[in-house]
Every structure is written in structure tokens, then in C-alpha cells.
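A.B. asks: Residue numbers (our numbering): 1278 to 1434.
The beta carbon of each residue, even a glycine, is placed where N, CA and C say it ideally should be.
Pasting in a structure now, in C-alpha cells, and then I'll have a few things to ask.
Put into C-alpha cells, the structure is as follows:
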């Protein structure tokens, strides 16, 4: 017969106890330490350059994307198709969403970047991220799954 009478369990697994912060270089995801900012994993940003670019699902997965259309060119960037997003992120369910930040690093007043939705997707709001020279600019887009291979892409900031 197996019992748990002498088993050792960490106290944070029972009852209304605060999480114990990790001070050994790990990250905390809602560990309960309210005196520190909420930390989450964040890899290096994806970097896109060129006047005509197709954004990939891997770029979206980075969470932060820098852009520079280069020279005096305006940029035309197209989001991946809904099918490509579904293939890359199979656990995204209908009516769930993820956010991606795009930062325009263009150093010329003509370096505005205009986004195209990609097949299966619809952009809601302003799809232009203005140049970074005269108007340092960024945008946050929320990708909300609306069906199979279909997303509404909201410009939320």
C-alpha cells in the first residue's frame, strides 16, 4: 500500500499561498510577486527590410517586428494567409487572439508601410504605419481567429 503521509510537497502548491519568486535567472509568469512587473518570454524581434515584403508566421511568433522599407521607398507588406497562420499556430481556437507589435524604423518621410490582409483575413482599422523619421511610429495588431483559415486583424494601437 502506498501512502502520502510522509511525502514532502512544496507549500506553494496548496492553499491560498503566494507564489515563491524565482531569483535564479528564470522568468516569472504570474508568480504572484506583486512588487515586480509581470514577466513573460520574449525572444529577439523579427526584422523586416525591403519595399515589398510578405510577413511570415514566424515573424508574427516573435511578437515584436521591426520594419524598414529602405531608401525613399514606401513599404507594401502583406500578412500571412489565414491558412499559414493556422498551420503555424494550431492551438489558436476560434474567438481567441494574439497581439503583434510592428515598429517602423524607416529614416525617410516616404517610408510609410501599408499592410495587406493576406487571403482569408480582414484588416479592421488603419493599415498604415507611418515613417519613423518624421513621426516615430509603431502599431499593435490583434489577430483574432474568426474561423478556419480566417482572422480579423484589428489595429488596436
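Between which two residues does the alpha helix (DSSP H) carrying residue 1359 extend?
C.D. replies: Element bounds for residue 1359: 1359–1365.
A.B. asks: According to DSSP, what are the bridge partners of residue 1378?
C.D. replies: Answer is 1341, 1417, bridged to residue 1378.
A.B. asks: What separation, rounded to the nearest whole angstrom, lies between the Cα atoms of residue 1339 and residue 1412?
C.D. replies: Residue 1339 and residue 1412: Cα-Cα distance of roughly 24 Å.
A.B. asks: Please state the DSSP three-state secondary structure of residue 1427.
C.D. replies: Three-state result, residue 1427: strand.
A.B. asks: In the DSSP assignment, the beta strand (DSSP E) including residue 1400 goes from what residue to what residue?
C.D. replies: Taken as a continuous stretch (DSSP letters only), the beta strand (DSSP E) holding residue 1400 covers 1398–1401.
A.B. asks: One question on the structure: do residue 1346 and residue 1383 come within less than 8 Å of each other, judged by their Cβ atoms?
C.D. replies: Yes, Cβ-Cβ distance for residue 1346 and residue 1383 is below 8 Å.
A.B. asks: Consult DSSP for residue 1323 and reduce its assignment to one of helix, strand or coil.
C.D. replies: Note: residue 1323 maps to strand in three-state DSSP.
A.B. asks: Below 8 Å between beta carbons: does that hold for residue 1355 and residue 1327?
C.D. replies: Against a cut-off of 8 Å, the Cβ pair of residue 1327 and residue 1355 comes out as no contact.
A.B. asks: Taking the CB atoms as reference points, tell me whether residue 1397 and residue 1431 lie closer together than 8 Å.
C.D. replies: No, these two residues do not count as a Cβ contact at 8 Å.
A.B. asks: Hey, residue 1323 and residue 1336 are a contact pair by Cβ (cut 8 Å); roughly how many whole angstroms apart?
C.D. replies: Contact holds; Cβ gap of about 4 Å.
A.B. asks: What residues are listed by DSSP as bridge partners for residue 1392?
C.D. replies: Beta-bridge pairing links residue 1392 to 1354.
A.B. asks: At least one CB of chain D closer than 8 Å to the CB of residue 1433: is that the case?
C.D. replies: The chain labelled as chain D is not found in the depicted structure, where only one protein chain is given.
A.B. asks: Whose CA, out of 1329, 1348, 1377, lies closest to the CA of residue 1388?
C.D. replies: If we check each option's Cα against that of residue 1388, 1348 comes out closest.
A.B. asks: Taking residue 1422 and residue 1369 to be in contact with their CB atoms under 8 Å, please state how far apart those CB atoms are, rounded to whole angstroms.
C.D. replies: The Cβ separation is near 5 Å, so the contact holds.
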